[in-house]
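Colleague:
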Amino acid sequence: MSNELLSPAEMSEADRLTIAAGPLNGFGLMRRAGEAVAAEVLKHYPSATHVHVLCGPGNNGGDGYIVARILAGNGIATTIWASGAPRPQSDAALAAAECPIEPRPLSTFVAEPGSIVIDALYGAGLSKPLSGDSAKAVEIVTDLHLPVVAVDLPSGVSGDSGKVLSKAFTSDLTVTFARKKPGHLLLPGRERCGEIVLADIGIGDDIIARLQPQAFENRPAHWLRAFPVPAVDAHKYKRGHVGVFSGGPSATGAARLSALAAARSGAGAVTVLSPGNAMQVNAAHLTSIMLRKTDDVSDVSEFVGERRPSAFVLGPGFGVGEKTRTFGLALLATSQPQGAAARVDGLVFDADAITAFREAPDALFEAARGSNAPALVMTPHEGEFARLFPDIAGDDASSKLDKARAAAKRANAVIVYKGADTVIAAPDGRAAINSNGAPWLATAGSGDVLSGIAAGLLAQAMPAFEAACAAVWIHAETGSRFGPGLIAEDLPLALVPVLRELVEARGRR
Numbered sequence: 003m004s005n006e007l008l009s010p011a012e013m014s015e016a017d018r019l020t021i022a023a024g025p026l027n028g029f030g031l032m033r034r035a036g037e038a039v040a041a042e043v044l045k046h047y048p049s050a051t052h053v054h055v056l057c058g059p060g061n062n063g064g065d066g067y068i069v070a071r072i073l074a075g076n077g078i079a080t081t082i083w084a085s086g087a088p089r090p091q092s093d094a095a096l097a098a099a100e101c102p103i104e105p106r107p108l109s110t111f112v113a114e115p116g117s118i119v120i121d122a123l124y125g126a127g128l129s130k131p132l133s134g135d136s137a138k139a140v141e142i143v144t145d146l147h148l149p150v151v152a153v154d155l156p157s158g159v160s161g162d163s164g165k166v167l168s169k170a171f172t173s174d175l176t177v178t179f180a181r182k183k184p185g186h187l188l189l190p191g192r193e194r195c196g197e198i199v200l201a202d203i204g205i206g207d208d209i210i211a212r213l214q215p216q217a218f219e220n221r222p223a224h225w226l227r228a229f230p231v232p233a234v235d236a237h238k239y240k241r242g243h244v245g246v247f248s249g250g251p252s253a254t255g256a257a258r259l260s261a262l263a264a265a266r267s268g269a270g271a272v273t274v275l276s277p278g279n280a281m282q283v284n285a286a287h288l289t290s291i292m293l294r295k296t297d298d299v300s301d302v303s304e305f306v307g308e309r310r311p312s313a314f315v316l317g318p319g320f321g322v323g324e325k326t327r328t329f330g331l332a333l334l335a336t337s338q339p340q341g342a343a344a345r346v347d348g349l350v351f352d353a354d355a356i357t358a359f360r361e362a363p364d365a366l367f368e369a370a371r372g373s374n375a376p377a378l379v380m381t382p383h384e385g386e387f388a389r390l391f392p393d394i395a396g397d398d399a400s401s402k403l404d405k406a407r408a409a410a411k412r413a414n415a416v417i418v419y420k421g422a423d424t425v426i427a428a429p430d431g432r433a434a435i436n437s438n439g440a441p442w443l444a445t446a447g448s449g450d451v452l453s454g455i456a457a458g459l460l461a462q463a464m465p466a467f468e469a470a471c472a473a474v475w476i477h478a479e480t481g482s483r484f485g486p487g488l489i490a491e492d493l494p495l496a497l498v499p500v501l502r503e504l505v506e507a508r509g510r511r
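Using my numbering, you'd call the opening residue of the sequence shown number 3 and step up by one each time.
1) Decide if Ser252 is buried, meaning its Cβ has at least 16 other Cβ atoms within 10 Å, or exposed.
2) Give me the Cα-Cα distance between Ser133 and Leu148, rounded to the nearest whole angstrom.
3) What residue ranges within the stretch 289 to 361 form continuous beta strand (DSSP E) runs of no fewer than 3 residues, ordered along the chain?
4) On the CB-based measure, 16 or more other CB atoms within 10 Å of its CB, does Lys130 come out buried or exposed?
5) Answer yes or no: do Trp475 and Asn220 have a C-beta to C-beta separation smaller than 9 Å?
6) For Leu349, tell me which candidate among Ala332, Ala365 and Pro363 has the shortest Cα-Cα distance.
7) Evaluate the contact criterion for the stretch 483 to 503 versus the stretch 450 to 457: three or more CB pairs, one atom per stretch, below 8 Å.
8) With a threshold of 8 Å on Cβ separation, who are the neighbours of Gly396 within its own chain once the five nearest residues in sequence on each side are excluded?
9) Does the Cβ of Ser248 have 16 or more other Cβ atoms within 10 Å, making it buried, or fewer, making it exposed?
10) Indicate the three-state DSSP secondary structure (helix, strand or coil) for Gly164 in the structure shown.
11) My output table needs one value for Lys130: the three-state DSSP class, helix, strand or coil.
12) Quick test of the definition: if touching needs 3 or more C-beta pairs under 8 Å, does the stretch 149 to 158 touch the stretch 172 to 186?
13) Please list, in chain order, all residues of the same chain as Gly164 whose beta carbon is under 8 Å from its beta carbon, the five residues on each side excluded.
14) Using C-beta distances below 7 Å, list every residue in its chain close to Ala223, excluding the 5 sequence neighbours before and after it, in chain order.
15) Is Lys405 buried or exposed, if buried means 16 or more other CB atoms sit within 10 Å of its CB?
16) Could you spell out the range, first to last residue, of the alpha helix (DSSP H) harbouring Val159?
17) Say whether the stretch 413 to 427 touches the stretch 304 to 319, bearing in mind that this needs 3 or more beta-carbon pairs closer than 8 Å, one atom from each stretch.
18) Mind reading off the beta-carbon distance from Pro376 to Ile356? Whole number of angstroms is fine, and I expect it under 8 Å.
19) Helix, strand or coil for Ala470, going by three-state DSSP, please let me know.
20) Along the chain, which unbroken stretches of the beta strand (DSSP E) at least 3 residues long are found entirely within the stretch 188 to 261?
21) According to the neighbour-count rule (16 or more other Cβ atoms, all chains shown, within 10 Å of its Cβ), is Ser437 buried or exposed?
22) Can Ile103 and Ile82 be called in contact, C-beta distance under 9 Å?
23) Mind the definition here: the stretch 51 to 66 touches the stretch 93 to 113 only if three or more C-beta pairs lie below 8 Å; say whether that holds.
24) What does a CB cutoff of less than 6 Å around Ser9 pick up in its chain, not counting 5 residues either side in sequence?
25) Whole-angstrom Cβ separation of Gly231 and Arg508, contact assumed at under 8 Å?
26) Do you know whose CA, among Asp354, Ala79, Lys45 and Asp93, lies nearest Asn27's CA?
27) Among Pro441, Ala434 and Gly485, which has the Cα closest to the Cα of Ala473?
28) Entirely within the stretch 409 to 460 and at least 3 residues each: give me those beta strand (DSSP E) ranges in chain order.
29) What's the C-alpha gap between Ala343 and Phe329?
30) For Met464, which residues of its own chain have a beta-carbon under 6 Å away from its beta-carbon, when the five flanking residues on both sides are left out?
31) Over what stretch of residues does the beta strand (DSSP E) that includes Thr80 continue unbroken?
32) Is the stretch 197 to 212 close to the stretch 29 to 39, with three or more CB pairs under 8 Å?
33) Taking a contact to mean a Cβ-Cβ separation below 9 Å, would you say Gly255 touches Gly447 in this structure?
34) Runs of 3 residues minimum, wholly inside the stretch 40 to 84: which ones carry the beta strand (DSSP E) assignment?
35) If you draw a straight line from the alpha carbon of Gly141 to that of Trp225, how long is it in whole angstroms?
36) Write down the C-beta distance between Val244 and Gly458 rounded to the nearest angstrom, noting that I regard them as a contact closer than 8 Å.
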């Protein structure tokens, strides 16, 4: 299954290019779409006795007329409720003309318990709230708790943003075509889609490639080729060295979680960089993870010169203030320290490292744009994102995908905009939406583990965008498999079977 995501505008262009290339015309594509939906209805509801098909005046409604004709031909009592007549001589008008069922006005829509509803009103292309008869239909269907099959996307959900524009159907099954849309994966739209079936209606991969889509569903197929697997002659420093900064004596646990995750994700060596007054606390809890006293920037420079770390994590439990900003800016200037052969390839800024720059974001962004600055990955949750990018966060017209992209471009960093629908965005416009999130990860320390996984992959020379995407997927997959009772301390060890499967899959490619 292909993982590109297409906006409604890109999907329209894919339709146009497919029609131009032939042999299918617009009505041919519509017929295939309707046939695909009807097949899924028959598969999922083999005992259906009465189906109500709600048809809009556009192409989505045209799909609905074809669905209704096929279902009626299979002996299912089928009623069509139309919100308006299709435009004369349009593909939807041809579909309506082929359908032997006389449509009734949507304004008179009624349904009975036990019936099934096909939502073919507007789909992904709707850009304004449902109103009037369409909104009333949503209320009737919701009140009766009727199963809904949505054509393309539940009407009332934005295909671009996943936002519910006012009222919207909640479907049990959504059948979409060629590629998913961002609205299928972004909340709250994702919760409205139910099971999503992606149907092939004849829009080829070559057509999609011509669009050069820049958004993806975050799945291993997108980044597995870059996933690091140790060579036969690997030793620990060939597998990368991660430095993780610890907070003071009462705030050391977050760094240790990150450090363990970095080690589990494949880094050959991991060092916790601890302030002197927390050395005893950290030493009491570390075994395979190394420990080094680090109180100021000179200690950081010395560590880089001597031990040649390839990635750092700054932020978990570190504290907010001038020290955090000083360390962060120093790390962004350590790609080639004077007099050392070392190179720091990647940085992960999380939690306090993000919040510390809320009063001075431009200093961070300017440092990240330095010609020799290491690749920077930042992992803000919604509150941290708003502190660093208040204007972007406050733009209600933008989707989460748009916001992550804008932030990544401004910061010259890979942004992991966390949440149940985490978006990963790169400065060049590439973006991925994660779809395997688990509610069990909503626990203290979970984000620290995510930062460690990302750093571990960066340390093994995985490119920053791919490393961030992989870290998010691995983290979520681990949480999903572990399930109820998960706490952050469980995660590093629970990563092992997920990582093993990825390594095995990488070997088969």
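Beta carbons: idealized from backbone N, C-alpha and C, even for Gly.
Modeller: Looking at the coordinates:
1) The residue labelled residue 252 in the question sits at position 250 within the sequence shown. Its Cβ having fewer than 16 others within 10 Å, Ser252 is exposed.
2) Taking the first residue of the sequence shown as 1, we reach residue 133 at position 131. Taking the first residue of the sequence shown as 1, we reach residue 148 at position 146. Approximately 20 Å between the Cα atoms of the pair.
3) 292 to 295, 313 to 316 and 348 to 351
4) Walking along the sequence shown from the start, residue 130 turns up at place 128. Exposed, since its Cβ has fewer than 16 Cβ neighbours within 10 Å.
5) Taking the first residue of the sequence shown as 1, we reach residue 475 at position 473. Taking the first residue of the sequence shown as 1, we reach residue 220 at position 218. Yes, the pair counts as a contact, with Cβ atoms nearer than the cut-off.
6) Here residue 349 refers to the residue found at position 347 of the sequence shown. That would be Ala332, whose Cα lies nearest to the Cα of Leu349.
7) yes
8) Sequence index remark: in the sequence shown, residue 396 carries index 394 (1-based). Closer than 8 Å at Cβ, skipping near neighbours: Ala388.
9) Residue 248 sits at position 246 when you count from the first residue of the sequence shown. Burial call: buried.
10) For the purposes of this step, residue 164 is identified with residue 162 of the sequence shown, where counting begins at 1. Of the three classes helix, strand and coil, the one that applies to Gly164 here is coil, per DSSP.
11) Counted from its first residue, the sequence shown places residue 130 at position 128. DSSP places Lys130 in coil when its eight states are reduced to three.
12) yes
13) Against the sequence shown, residue 164 aligns to sequence position 162. So the qualifying residues of the chain are Pro184, Gly185, His186, Leu187, Leu188, Leu189, Pro190, Gly191, Arg192, Ser401, Lys402 and Asp423.
14) Residue numbering aside, residue 223 sits at position 221 when the sequence shown is read from its first letter. Within the same chain, Ala223 has close Cβ partners Asn5.
15) In the sequence shown, residue 405 corresponds to position 403, counting from 1. Lys405 is buried by the Cβ-count criterion.
16) Numbered from 1 along the sequence shown, position 157 holds the residue referred to as residue 159. Careful: Val159 lies outside any alpha helix (DSSP H) and carries neither H nor E.
17) no
18) Residue mapping note: residue 376 aligns to position 374 of the sequence shown, counting from 1. Residue mapping note: residue 356 aligns to position 354 of the sequence shown, counting from 1. So it is not a contact: roughly 16 Å between Cβ atoms.
19) The residue you call residue 470 lines up with position 468 of the sequence shown. Three-state result, Ala470: helix.
20) 197 to 201, 217 to 220 and 243 to 247
21) Start at 1 with the first residue of the sequence shown, and residue 437 comes out as number 435. Looking at its Cβ environment, which holds 16 or more other Cβ atoms inside 10 Å, Ser437 is buried.
22) By 1-based counting over the sequence shown, the position of residue 103 is 101. By 1-based counting over the sequence shown, the position of residue 82 is 80. In contact: Ile103 and Ile82 (Cβ atoms closer than 9 Å).
23) yes
24) Locating residue 9 in the sequence shown gives position 7, where the first residue counts as 1. Here the set comprises Asp162.
25) On the sequence shown, residue 231 is found 229 positions in, with the first residue counted as 1. On the sequence shown, residue 508 is found 506 positions in, with the first residue counted as 1. Reading off the sequence shown, one finds Val at residue 231, where the question assumed Gly. About 5 Å; that satisfies the 8 Å criterion.
26) Here residue 27 refers to the residue found at position 25 when the sequence shown is read from its first residue. For the residues Asp354, Ala79, Lys45 and Asp93, the minimum Cα distance to Asn27 belongs to Asp93.
27) Here residue 473 refers to the residue found at position 471 when the sequence shown is read from its first residue. The shortest Cα separation from Ala473 among Pro441, Ala434 and Gly485 belongs to Ala434.
28) 416 to 419, 425 to 427 and 433 to 436
29) To locate residue 343, count along the sequence shown from 1; it is residue 341. To locate residue 329, count along the sequence shown from 1; it is residue 327. At Ala343 the pLDDT is 43, less than 50, meaning the model places this residue with poor confidence and gives no usable figure here.
30) The residue you call residue 464 lines up with position 462 of the sequence shown. Excluding sequence neighbours, Met464 sits near Ala228 and Pro230.
31) Within the sequence shown, the letter at position 78 stands for residue 80. Per DSSP, Thr80 belongs to the beta strand (DSSP E) from Ala79 to Ala84.
32) yes
33) One-based indexing of the sequence shown puts residue 255 at position 253. One-based indexing of the sequence shown puts residue 447 at position 445. Yes.
34) 52 to 57 and 79 to 84
35) Locating residue 141 in the sequence shown gives position 139, where the first residue counts as 1. Locating residue 225 in the sequence shown gives position 223, where the first residue counts as 1. One detail in the question is off: residue 141 reads as Glu in this sequence, not Gly. Cα-Cα distance, rounded: 42 Å.
36) Within the sequence shown, residue 244 is the residue found at index 242, counting from 1. Within the sequence shown, residue 458 is the residue found at index 456, counting from 1. About 6 Å separates the two Cβ atoms, so the contact holds.
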